[in-house]
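>
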Amino acid sequence: MANGVYRFFLIWYICGLLLVGFDILPPWLEWANAVFLYVSGLLAFIYLAKVYGKWLALGVSVFVMASSIFAEGLGVHYGLIFGQYHYEKDFGIQVYGVPLTIGTAWLMVVVTSRVIVRRMVPRAGWFFYTIMTSILAVMMDLMIDPVAYVIKEYWVWSGTGAYYGIPLQNFFGWFFVSAVIQTVLYLVLEKRPSVHSETWEKRMVVLYILIVSMFGFISLMEGLYMALLVTGIPLLVMMSLYAKGVKQIDLSNKESIL
Numbered sequence: 003m004a005n006g007v008y009r010f011f012l013i014w015y016i017c018g019l020l021l022v023g024f025d026i027l028p029p030w031l032e033w034a035n036a037v038f039l040y041v042s043g044l045l046a047f048i049y050l051a052k053v054y055g056k057w058l059a060l061g062v063s064v065f066v067m068a069s070s071i072f073a074e075g076l077g078v079h080y081g082l083i084f085g086q087y088h089y090e091k092d093f094g095i096q097v098y099g100v101p102l103t104i105g106t107a108w109l110m111v112v113v114t115s116r117v118i119v120r121r122m123v124p125r126a127g128w129f130f131y132t133i134m135t136s137i138l139a140v141m142m143d144l145m146i147d148p149v150a151y152v153i154k155e156y157w158v159w160s161g162t163g164a165y166y167g168i169p170l171q172n173f174f175g176w177f178f179v180s181a182v183i184q185t186v187l188y189l190v191l192e193k194r195p196s197v198h199s200e201t202w203e204k205r206m207v208v209l210y211i212l213i214v215s216m217f218g219f220i221s222l223m224e225g226l227y228m229a230l231l232v233t234g235i236p237l238l239v240m241m242s243l244y245a246k247g248v249k250q251i252d253l254s255n256k257e258s259i260l
């Protein structure tokens with residue numbers, strides 16, 4: 003079942019990359035965007051269930067989704083945290099004026115960022131862990147927002163800013179919300195019994211890269227070169243640190259076996 007969900011995501015991803023990337027997605031198929039976000043969040047939940055058990059995974063997922071939807075709602079209704087904006091496209095069921103799919107998207111961002119940082123620096127303390135995971139969240143948003151706002155008009159800002167007209171407050175908001183959520187996850191999950199799942203850990207890393215790559219491809223097609231530069235270079239640095247962390251752990255495991 004879990005493997006089937008992952009394979010379905012890959013197929014849906016490829017179709018979406020072609021249809022959205024080349025701007026040939028027909029209007030009647032706009033609902034496919036919501037499915038993409040739902041499945042992305044479902045993959046994050048499956049990872050949590052594999053590692054921490056289904057009930058803790060359910061609790062963490064509900065917390066992340068509820069917290070992020072509440073934070074996004076403050077922006078929609080009062081212009082707090084992220085700035086004033088509203089959603090233009092139909093992303094499905096809404097809660098507090100925010101599509102439920104945004105909550106599942108946040109779950110994907112939080113979990114994939116956590117996996118990357120925990121392998122990058124296995125013994126990272128709370129502060130470093132929170133900073134690095136939140137930077138990864140902002141990096142993804144720096145790639146997603148220009149496409150979602152400028153090209154696709156999934157949402158519209160009331161204010162403006164130097165980065166493709168997006169208020170700077172939005173990116174500080176992403177860092178803040180991520181930091182709060184990741185702090186709670188650190189406190190809840192750090193001492194919990196867990197089962198290592200190398201397969202699903204790698205899938206979470208692939209998930210993060212695929213999401214950024216999709217919006218990076220659209221940015222390239224649409225000439226949003228600043229987004230590629232601002233996100234691409236830091237991402238390469240982060241991924242190189244992740245690969246270095248994986249290599250060090252593998253070497254440590256081999257030495258312990260010998």
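Okay, so the sequence shown: first residue is 3 according to this note's numbering, each after it adds one. Here a beta-carbon is modelled for each residue, glycine too, at the ideal position from N, C-alpha and C.
#1: Taking only runs that begin and end inside the region 60-126, name each unbroken beta strand (DSSP E) of 3 or more residues, in chain order.
#2: Around the Cβ of K56, are there at least 16 other Cβ atoms within 10 angstroms (buried) or fewer (exposed)?
#3: Kindly list the residues whose CB is nearer than 7 Å to the CB of T103, restricted to its own chain and excluding five residues on each side of it in sequence; keep chain order.
#4: From A51, L76 and L21, pick the residue whose C-alpha is nearest to that of S63; which is it?
#5: Residue ranges of each beta strand (DSSP E) run of no fewer than 3 residues wholly in the region 179-243, ordered along the chain?
#6: In terms of residue numbering, what span does the beta strand (DSSP E) encompassing V158 cover?
#7: Quick check on DSSP: helix, strand or coil for Y166?
#8: Expressed to the nearest angstrom, what Euclidean distance is found between the alpha-carbon atoms of A229 and G175?
#9: Tell me which residues share the same chain as T106 and place their Cβ nearer than 7 Å to its Cβ, disregarding the 5 neighbours each side in the sequence.
#10: Could you tell me whether the Cβ atoms of F177 and S136 are closer together than 8 Å?
#11: Distance, Cα to Cα, A245 vs V208?
#12: From what residue to what residue does the alpha helix (DSSP H) around Y40 run?
#13: Expressed to the nearest angstrom, what Euclidean distance is found between the alpha-carbon atoms of S199 and V53?
#14: Taking L27 as part of the alpha helix (DSSP H), name the residues at either end of that continuous run.
#15: In three-state terms, what does DSSP make of L253?
#16: Please tell me whether L138 and S115 are closer than 8 Å, where the distance is taken between their beta carbons.
#17: Tell me which residues share the same chain as V7 and place their Cβ nearer than 8 Å to its Cβ, disregarding the 5 neighbours each side in the sequence.
#18: Report yes or no: do three or more beta-carbon pairs, one from the region 139-159 and one from the region 215-224, lie closer than 8 Å?
#19: Does the region 227-242 touch the region 18-37, meaning 3 or more C-beta pairs lie closer than 8 Å?
The relevant details are as follows:
#1: 87-89
#2: exposed
#3: A36, L39, Y40, F93 and G94
#4: A51
#5: none
#6: W157 to W159
#7: coil
#8: 18 Å
#9: L39, Y40, S42, G43 and M67
#10: yes
#11: 13 Å
#12: W33 to Y54
#13: 6 Å
#14: Note, L27: premise wrong, no alpha helix (DSSP H); not H, not E.
#15: Confidence is the limiting factor: at L253 the pLDDT is only 48, short of 50, which leaves the residue's position unreliable and the question unanswerable from this model.
#16: yes
#17: V41, L44, L45 and I48
#18: yes
#19: no
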